[in-house]
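Below: the structure, in structure tokens.
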Amino acid sequence: MKAVICKAYGDYHDLVLEEVPDPVPGPGEVVIDVKAAALNFPDVLLVQGLYQMKPDLPFTPGAECAGIISAVGEGVQNFKIGDAVIAYTRYGAFAQKVLAPEAALVLLPRDMPFDAGASLTTTYATSYYALKQRARLQSGETLVVLGAAGGVGLAAVELGKAMGARVIAAASTDEKLALAREHGADDGINYEREDLKAAIKAATGGQGADVIYDPVGGRYSEPAFRAIGWNGRHLVIGFAAGEIPKIPLNLPLLKTASIVGVFWGAWAMREPKAYARNMAEILDFYKTGKIRVAVTARFSLEDFLRGFDALAKRQATGKLVLCPA
Ligand SMILES: NC(=O)c1ccc[n+]([C@@H]2O[C@H](COP(=O)([O-])OP(=O)(O)OC[C@H]3O[C@@H](n4cnc5c(N)ncnc54)[C@H](OP(=O)(O)O)[C@@H]3O)[C@@H](O)[C@H]2O)c1
């Protein structure tokens, strides 16, 4: 089979597409013929050696996919050859075939395209865990989403609306804000043109945001946090801008506000039953039309670098998907 291979941590341009032996399932594992594998910003960080996890070299990146089970290892109980599934594999999915433990699988709902299924775990599961378990977002609250047209950001916009919040999208271009509005945002702030703190205050009638969803970091976090409301929750999702901001601790004191860490992958491993419930609820949101996965570009496996480039150069919107032949 063909697979994207990382031979050394560093520049993602050094990734290569190579012929490698097909995987063989061990006990409790299946082999999936990958129909679609979604790209995420963490794939770029993983290859650069900047992510929390460092697989042994060489390895294949690609955290999530959807496809059809083509082989089943000993002891697998709930899945069989021919089942269409969604899998969260952490790495390995940018290939024609990938190994996955049974615990990492969810049945792909009938009528859900493979590319939408491939896009549901990392972004929607992260954003749902952040809004539901970490922020305890309530219907009627105001949610500000930074990087609102990106992968996790757009998922947060849709899920925030599905949970009954008023959603204010914040992003760097008017085109990105238009996409966030198409996916349900009530209002938009262009943070390259507007003062982010003043704009959030103005959009919330001076009250400040109840919840800030922050996958961007850098110079955006502090002005956003300065516009948080009483009892507000600032969700620390990631640092796509590169710099990890340092927030003065008098700010949470003054607002009785919380800075709330979110590490979805670790939580999902520690609390698999709660993760499974969240995934079932996300699938229900999809079936009832409350979320619509925005797959904005599809690439062949040969073209994987275009996807990495778009993410690294701040050009990606929604979800980018690799579709191995
Ligand atoms: N905590 C968790 O469990 C968890 C899970 C998944 C992902 N993450 C993290 O969430 C972040 C976003 O991931 P994603 O897959 O949604 O990425 P993405 O689709 O590329 O979105 C990131 C957004 O960040 C903004 N941004 C600002 N400066 C940027 C820069 N220099 N380069 C790229 N983007 C920049 C962009 O929006 P604007 O142009 O509008 O500013 C972009 O849309 C990453 O840091 C990732 O590691 C965390």
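Residue numbers for the sequence shown follow my numbering, so the first one is -7 and each next one is one higher. Even for Gly, the Cβ is constructed at its ideal location relative to N, Cα and C. Given the structure is predicted, the values throughout are model-derived calculations rather than measurements.
So residue i and residue j are in contact, right, with Cβ under 8 Å, and what is the actual spacing, rounded?
i: residue 144; j: residue 119; result: 5 Å
i: residue 180; j: residue 192; result: Actually they are not in contact, since the Cβ atoms of residue 180 and residue 192 sit about 12 Å apart, beyond 8 Å.
i: residue 89; j: residue 14; result: 6 Å
i: residue 26; j: residue 59; result: 4 Å
i: residue 87; j: residue 8; result: About 12 Å; that fails the 8 Å criterion.
i: residue 57; j: residue 28; result: 6 Å
i: residue 172; j: residue 146; result: 7 Å
i: residue 84; j: residue 52; result: 5 Å
i: residue 50; j: residue 139; result: Between residue 139 and residue 50 the Cβ distance is about 31 Å, and since that is not below 8 Å, they are no contact.
For residue i and residue j, I'd like the C-alpha separation in whole angstroms.
i: residue 19; j: residue 4; result: 33 Å
i: residue 152; j: residue 11; result: 42 Å
i: residue 33; j: residue 134; result: 26 Å
i: residue 268; j: residue 275; result: 11 Å
i: residue 221; j: residue 137; result: 15 Å
i: residue 170; j: residue 308; result: 14 Å
i: residue 190; j: residue 182; result: 12 Å
i: residue 80; j: residue 148; result: 19 Å
i: residue 198; j: residue 157; result: 17 Å
i: residue -1; j: residue 260; result: 28 Å
i: residue 82; j: residue 317; result: 21 Å
i: residue 294; j: residue 31; result: 14 Å
i: residue 312; j: residue 299; result: 7 Å
i: residue 240; j: residue 218; result: 10 Å
i: residue 62; j: residue 74; result: 6 Å
i: residue 65; j: residue 55; result: 21 Å
i: residue 186; j: residue 160; result: 14 Å
i: residue 195; j: residue 229; result: 23 Å
i: residue 203; j: residue 227; result: 7 Å
i: residue 273; j: residue 177; result: 21 Å
i: residue 248; j: residue 284; result: 35 Å
i: residue 266; j: residue 216; result: 30 Å
i: residue 205; j: residue 70; result: 36 Å
i: residue 281; j: residue 242; result: 42 Å
i: residue 184; j: residue 175; result: 21 Å
i: residue 114; j: residue 225; result: 21 Å
i: residue 130; j: residue -7; result: 47 Å
i: residue 296; j: residue 47; result: 20 Å
i: residue 301; j: residue 36; result: 9 Å
i: residue 155; j: residue 117; result: 14 Å
i: residue 68; j: residue 91; result: 13 Å
i: residue 93; j: residue 245; result: 44 Å
Those runs of the alpha helix (DSSP H) which lie wholly inside the segment 72 to 116 and span at least 4 residues: Listed in chain order, the complete alpha helix (DSSP H) runs (minimum 4 residues) inside the segment 72 to 116 are 106 to 110.
Any alpha helix (DSSP H) of 4 or more consecutive residues that is wholly inside the segment 150 to 237: Entirely contained in the segment 150 to 237, the alpha helix (DSSP H) runs reaching 4 residues are, in chain order, 166 to 174, 188 to 195, 213 to 217.
Touch test, the segment 97 to 112 against the segment 21 to 30, Cβ-Cβ under 8 Å, three pairs minimum: Under the three-pair Cβ rule at 8 Å, the segment 97 to 112 counts as touching the segment 21 to 30.
The segment 115 to 130 / the segment 33 to 44 touching (three or more Cβ pairs under 8 Å): No contact exists between the segment 115 to 130 and the segment 33 to 44.
Sufficient close CB pairs (3 or more, under 8 Å) joining the segment 277 to 291 to the segment 250 to 265: No contact exists between the segment 277 to 291 and the segment 250 to 265.
The segment 193 to 213 contacting the segment 233 to 245, beta-carbon criterion three pairs below 8 Å: Yes, they touch.
Continuous alpha helix (DSSP H) assignments of at least 4 residues falling wholly in the segment 230 to 302: Whole alpha helix (DSSP H) segments, 4+ residues: 242 to 247, 256 to 262, 264 to 279.
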